[in-house]
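According to the working numbering, the sequence shown holds residues 591 to 690 in order.
Just so you know, even glycine gets a beta-carbon here, dropped at the ideal spot from N, CA and C.
Below you'll find the structure, written out as structure tokens, and then a few comments.
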Amino acid sequence: MPYDPKLAVRFAAFGVSGQAIANTLTQADVDDLLGRTEEALNSDDPLFRAITRFATQYPLVRQDPEQLADLGTLLRFGVDEANNAGIPEDDWARRKDING
């Protein structure tokens, strides 16, 4: 499987969201994610917007573990939306789990 920079950004964003929730995130981690994002994604990409919003808000909430966890959860929602982008709504209606 070839290297996909967009997929790498998704995984990195997911990791950063977990670090934010666990209150182990540093500014260097945020800067690294933002740099990767600016290289790999277009500014109209929903994940780009979620990551830049996170990076903008991080300095304001980094001293408050509760607000940081909430911000991490919002980033995780952004990653989830990026993972589900492009799947037509009617496909969701036809999907079944292992129990039918």
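Applying the 10 Å Cβ sphere with the 16-neighbour rule, what's the burial state of residue i?
i, result
"TYR593", "exposed"
"PHE667", "exposed"
"THR627", "buried"
"LEU623", "buried"
"PHE601", "exposed"
"LEU597", "exposed"
"LEU650", "exposed"
According to DSSP, is residue i part of a helix, a strand, or is it coil?
i, result
"ALA675", "coil"
"ARG652", "coil"
"SER607", "helix"
"THR616", "coil"
"LEU631", "coil"
Is the CB-CB distance between residue i and residue j below 8 Å?
i, j, result
"LEU715", "PHE644", "Limits of the chain in this structure are 591 at one end and 690 at the other, which puts residue 715 out of reach."
"VAL669", "ALA603", "yes"
"ALA675", "PRO636", "yes"
When the Cα atoms are used, what is the spatial distance from residue i to residue j?
i, j, result
"ALA672", "SER607", "14 Å"
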